[in-house]
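Same order as they appear, the protein sequences are chains A and B.
Mapping the first sequence onto UniProt numbering, position 332 (from 1) lands on 332, and the numbers just tick up by one.
Mapping the second sequence onto UniProt numbering, position 326 (from 1) lands on 326, and the numbers just tick up by one.
Quick reminder that beta carbons are idealized off the backbone N, C-alpha and C, glycines included.
For clarity, every value in this text was computed on a predicted model and none was experimentally measured.
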Amino acid sequence: MKKLITATFVSLGLAAAAQAQDAGGRLDIVVQPEPPSLMLGLVSNGPTQLVAGDIYESLLRYDTDLNPQPSLAKSWEISEGGLTYTFHLRDGVKWHDGAPFTAADVVFSADVFLRKTHARLRVSLEHVDSITAPDDLTVVFQLKEPFGPFIGVFEAGTMPMVPEHIYKDTDFANNPANNTPIGTGPFKFDKWEKGSYIHLVKNEDYYLDGQPYLDEIYYRVIPDAAARAVAFENGDVNVLPGGSIENWDVARLIKMDNVCSTGKGWEYFAPHALAWLNNREGPTSHKEFRQALMYAIDREFVKDVIWNGYGTVATGPISSRTKFYSDDVNHYDYNPDKARALLKQMGYDGTPVRILPLPYGETWKRWGEAMKQNLEEVGVSVDMVASDVAGWNQKLGDWDYDIAFTYMYQYGDPALGVARNYLASNIAKGSPWNNVEGYANPELDAKWAAAAIEPDVAKRQTLYDEIQSEIVEDVPVAWLLEIEFPTIYRCDVKDLVTTAIGVNDGARDAWIEK
Amino acid sequence: MTLLAAILARAAKAAITLLMIVILNFFLIHAAPGDPAAVMAGENGAADQIYIDQLRAQFGLDQPLYVQFYKYVGGVLQLDLGYSYRQQMPVLDLILDRLPATLLLTMTAFGMSLLLGVVFGLAAAARVGRWSDSAITGMALLFYATPLYWVALMAVLLFSVQLNWLPAFGYESVGAGYTGLAMVLDRLRHLALPALTLGLFFMAVYLRMTRSSVLEVSQMDFVKTARAKGLSEGIIRRRHILRNALLPVVTLAGLQAGQLVGGAVLTETVFAWPGIGRLMFDSLTARDYNTLLGVFLVSAAMVILFNILTDIVYRLIDPRIAAGGAA
């Protein structure tokens with residue numbers, strides 16, 4: 001078999017070239033809200049991954065251009081035709097309890113544990129025929145068909161490695177070890193004072209020489225957004241992960257002395273804000289109404305005022321930070337007159353539409369209000385619906401809404417994080433993350449499916465170009481903003497964000513300048 | 001009625017009340033939209049039906065409501081408050097874990113507000129009409145009328161951000177590793193702002209009530225009689241006025257004491273105080289049924305307990321109640 005792609009990096013060499021790192025010190029990072037669990041294989045929400053990203057690792061990491069980098073795998077090959085993925089594991093890696101990490105753990109994690117517990121990975125694993133370990137340091141994923149995005153699923157939150165010797169033949173969800181997570185990562189779990197903090201300590205036996213540099217990390221639970229900003233101002237915490245404080249505090253804090261910020265570290269997620277438009281009933285079931293809505297809303301204003309200038313107005317389903325983005329689509333620039341004309345053409349009769357904002361704090365509430373005002377300006381009557389997170393989930397799961405705000409992660413590839421919202425096969429009640437709007441377009445379904453398994457990158461691009469141009473015409477949902485969540489930190493903290501998932505990849509490379 | 005018999009009668013009533021509370025709460029909570037599995041699935045950013053069904057089965061939510069109800073009440077009768085799937089620990093442990101922090105905060109605020117309220121109330125009553133009386137009642141009005149949330153934020157802004165005297169949040173210096181006296185002092189420093197914030201409102205209430213009550217009792221005939229007998233002003237104040245004037249204050253204190261365990265959601269949230277109030281609020285948003293029911297049950301039990309204690313205190317202050325005359 002001819003090896004098409006061979007990649008071997010020596011990450012140590014790359015890192016050491018830059019600057020000598022100071023060892024020691026501690027990080028205090030805000031985690032909000034408090035995670036329900038730290039077992040990344042069972043719970044994959046944001047706060048869990050933020051903390052557990054220090055404890056668990058996967059085979060690969062991704063740089064901010066989404067190129068794969070070594071992590072637990074030191075090198076890998078993809079066969080010609082893209083059917084066989086062979087990973088060579090690092091030698092001498094140990095679990096936090098001292099047991100050796102081997103290829104058997106990888107097979108167990110992917111094939112047994114995560115196949116059972118991880119909804120998102122399960123979808124990708126449908127393309128996999130077999131996962132085998134020819135020897136202790138080699139793992140082979142044999143695919144049924146070429147699946148280009150597959151190289152992107154070896155991220156810690158998507159495929160975290162879990163220890164076989166602890167979980168084999170147990171009830172995963174109720175294993176007592178879930179409270180004392182064991183991974184291979186640079187930091188070990190020490191203590192969780194519920195309601196206050198989670199304490200991680202340096203993994204002295206970590207496989208990278210001299211790393212991690214920090215002695216310990218405290219993840220601090222501070223429930224009030226204003227108090228989180230004060231905590232950073234006072235020096236109680238030195239890192240605010242993206243989205244942990246309100247936008248106006250971002251603008252204020254980054255002007256302070258000795259405060260640095262970066263928008264990097266979100267490329268893999270590429271959070272894409274959109275409004276679900278119920279395609280099944282009411283005014284939003286009319287294409288003209290949906291197009292009118294796109295022209296009626298002033299997205300530049302929202303970006304500049306509500307998001308303090310952060311982010312980029314979205315042009316379509318795929319984020320410009322994700323692979324296969326195309327700009328060659330109809331741009332719905334703010335144009336109330338055009339919106340009024342479209343509404344007239346449709347024969348809009350004044351039926352009120354309900355807006356359901358995302359219950360994630362002030363910013364989202366204001367965004368809902370801005371949309372209400374924009375729609376009323378073109379003659380649409382609007383009712384605002386208040387809810388909390390549970391109620392919001394329920395309403396989306398039951399399709400009980402007209403317009404509902406949300407934001408979706410794209411996971412680096414349209415086949416992983418974008419197509420799921422538009423495929424007719426993904427219309428099912430009960431989840432706020434599938435094809436909630438009820439859009440069905442068999443012609444595009446076929447193109448999404450073809451693009452996912454097309455081995456040739458140029459052909460994939462062509463397919464995605466066509467999809468984007470056509471779907472933007474239909475406006476199944478209102479694409480709003482490519483959100484940017486700046487990570488804010490004290491400037492003496494170095495190399496905090498080095499990958500496409502930023503602080504969620506753990507503080508392996510981070511150090512504090514003395 | 002003897003004290004013991006009275007307490008026993010109250011306890012019997014209390015048990016029935018508690019049972020009603022459990023039943024009512026159970027159905028109220030399950031009537032709220034969304035369930036814990038949907039919330040957790042929602043937070044995960046991706047979920048399919050298999051995942052949600054797994055969670056429902058794990059949490060026992062796949063069973064009919066009456067079965068869940070039967071299991072829950074059966075557990076409560078054996079003092080088993082169930083398991084929090086959200087927090088991955090038994091509810092009773094969770095509550096006992098959070099209780100000390102809440103009690104420390106609420107008891108301090110309670111003691112402070114009662115003591116300062118009564119002392120300032122007496123002082124104001126003794127100087128009625130003078131400028132010092134106006135100053136004290138004016139201050140009380142201010143604290144009474146200002147929203148707690150705002151006081152908290154302003155206190156943080158002034159004492160933490162501007163002056164840097166006191167920590168803005170938390171209940172200890174995380175990772176400082178203090179022991180002994182240093183630890184006590186550290187806790188006290190963290191306690192200061194939240195306790196003050198929480199206590200100010202009730203201090204104002206007690207102050208105004210003590211003042212008006214003292215003024216009212218001072219006008220009564222038996223006080224005039226005492227004065228006519230030639231008793232000294234100090235004895236009249238202590239024995240005749242204060243003792244009678246304190247009854248309404250005790251009533252109110254009893255009501256407030258009942259809420260001590262329920263915690264203070266706002267104060268605990270603003271100051272990141274790891275107490276019961278926050279646990280309740282987090283459990284509500286996560287639809288963590290068992291934890292929420294557990295917190296409600298413990299709080300309800302405490303309200304009832306403190307009502308009984310208040311009655312006992314009444315009897316000590318005013319023997320007529322024990323005799324059955326005034327009750």
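Using C-beta distances below 7 Å, list every residue in its chain close to B/D35, excluding the 5 sequence neighbours before and after it, in chain order.
Once the five neighbours on either side are set aside, the close Cβ partners of B/D35 are L61 and R287.
Does A/T6 get closer than 8 Å to chain B when you measure Cβ to Cβ?
Reliability of the predicted coordinates at A/T6 is poor, the pLDDT of 42 falling under 50, and the value obtained from them is presented with this limitation in mind. A/T6 does not count as touching chain B.
Along the chain, where does the beta strand (DSSP E) containing A/Q69 start, and where does it finish?
First-last of the beta strand (DSSP E) with A/Q69: P68 to P70.
Who are the near neighbours of A/P134 in its chain, counting only those whose CB is closer than 7 Å to its CB and skipping five residues on each side?
V140.
Are the C-beta of B/N44 and some C-beta of chain A separated by less than 8 Å?
Closer than 8 Å to some Cβ of chain A, the Cβ of B/N44 qualifies, so yes.
Flag B/A169 as yes if its beta-carbon sits less than 8 Å from any beta-carbon of chain A, otherwise no.
For the sequence presented, residue 169 of chain B should be read as Phe rather than Ala. Output row for B/F169: interface = yes.
What are the uninterrupted segments assigned as alpha helix (DSSP H) that are 4 or more residues long and contained completely in the stretch 187-251 of chain A, given in chain order?
Counting only runs of 4 or more, we get 225-234.
So, A/A500 versus A/P186, is the Cβ gap smaller than 8 Å?
Against a cut-off of 8 Å, the Cβ pair of A/P186 and A/A500 comes out as no contact.
May I ask you to list, following chain order, the residues of the stretch 218-252 of chain A that have a beta carbon less than 8 Å from some beta carbon of chain B?
Result list: Y218, R220, V221, I222, P223, D224, A226, A227, V230, A231, E233, N234 and D236.
With DSSP collapsed to three states, give me the class of A/H118.
Coil, per DSSP.
Which whole-angstrom value describes the C-beta separation of A/Y409 and A/G397, a residue pair presumed to lie in contact below a C-beta threshold of 8 Å?
About 18 Å; that fails the 8 Å criterion.
Can you pull the chain A neighbours of B/G175, defined as C-beta to C-beta under 9 Å?
Simply R26, D28, Y197, H199, E216 and Y218.
With a threshold of 8 Å on Cβ separation, who are the neighbours of B/L284 within its own chain once the five nearest residues in sequence on each side are excluded?
The answer, listed in chain order, is L292.
From A/G311 to A/E300, what does the alpha carbon distance come to, in whole angstroms?
The straight-line gap from Cα to Cα measures roughly 10 Å.
Which residue or residues does DSSP assign as beta-bridge partners of A/D135?
A/T138, per the DSSP bridge assignment.
Measuring CA to CA, which of A/S469, A/L89, A/R120 and A/I297 is closest to A/D105?
Cα-wise, what sits closest to A/D105 is A/L89.
Quick one: does B/A41 have its CB under 8 Å from some CB of chain A?
With 8 Å as the cut-off, B/A41 counts as an interface residue toward chain A.
Between A/G25, A/L496, A/R26 and A/I29, which has its C-alpha nearest A/K264's C-alpha?
That would be A/L496, whose Cα lies nearest to the Cα of A/K264.
Going by beta-carbon coordinates alone, are A/T102 and A/D136 separated by less than 8 Å?
Result yes, Cβ atoms of A/T102 and A/D136 sit closer than 8 Å.
What is the C-beta distance between A/W392 and A/Y422, in whole angstroms, given that I count them as a contact (C-beta under 8 Å)?
Not a contact, Cβ separation roughly 21 Å.
Quick check on the DSSP output: the beta strand (DSSP E) that includes A/T180 runs from which residue to which?
Here A/T180 belongs to no beta strand (DSSP E), and DSSP marks it neither H nor E.
On a CA-only basis, which of B/F296, B/R189 and B/T251 is nearest B/I29? Give me that one, please.
For B/I29, the nearest C-alpha among the options comes from B/F296.
Could you give the distance in angstroms between the alpha-carbon of B/A155 and the alpha-carbon of B/T197?
If I take the Cα positions, the gap works out to 8 Å.
From the beta carbon of B/G325, is the nearest beta carbon of chain A less than 8 Å away?
In this prediction, B/G325 has a pLDDT of 44, which is less than 50 and means its spatial position is unreliable; nothing more can be read from the coordinates.
Show which residues of chain A have a CB atom less than 7 Å away from the CB atom of B/G34.
Simply A390, G391, N393 and Q394.
Taking only beta carbons into account, state which residues of the stretch 415-432 of chain A come closer than 7 Å to chain B, listed in chain order.
Those would be A428, G430, S431 and P432, in chain order.
Could you tell me if B/R239 is buried or exposed, where buried requires 16 or more neighbouring beta carbons within 10 angstroms of its beta carbon?
Exposed, since its Cβ has fewer than 16 Cβ neighbours within 10 Å.
Within the continuous beta strand (DSSP E) that includes B/S212, where are the two ends?
First-last for B/S212: G180 to S218, but that is the alpha helix (DSSP H), not the beta strand (DSSP E).
Over what stretch of residues does the alpha helix (DSSP H) that includes A/E466 continue unbroken?
V457 to D474 is the extent of the alpha helix (DSSP H) around A/E466.
Just to confirm the assignment, what range does the alpha helix (DSSP H) spanning B/L18 have?
Here the alpha helix (DSSP H) through B/L18 covers L3 to A31.
By a C-beta neighbour count over all protein chains shown, 10 Å radius and 16 as the cutoff for buried, is B/Y66 buried or exposed?
It is exposed - the Cβ of B/Y66 has fewer than 16 other Cβ atoms within 10 Å.
When Cβ atoms are compared, which residues of the stretch 90-116 of chain B fall closer than 7 Å to chain A?
Within the stretch 90-116 of chain B, the qualifying residues are D97 and R98.
Output the boundary residues of the beta strand (DSSP E) element that contains residue 367 of chain B.
Nothing can be reported for residue 367 of chain B, as the shown portion of chain B is limited to 1 through 327.
Evaluate B/T179 with the Cβ neighbour count: other Cβ atoms within 10 Å of its Cβ, from every protein chain shown; 16 or more gives buried, anything less gives exposed.
Exposed, because fewer than 16 other Cβ atoms sit within 10 Å of the Cβ of B/T179.
Which residues in the same chain as B/A11 place their Cβ atom closer than 8 Å to its Cβ, once the five residues preceding and following it in sequence are excluded?
Excluding residues within five positions, the ones whose Cβ falls inside 8 Å are I308.
So for A/R26, helix, strand or coil by DSSP?
Note: A/R26 maps to strand in three-state DSSP.
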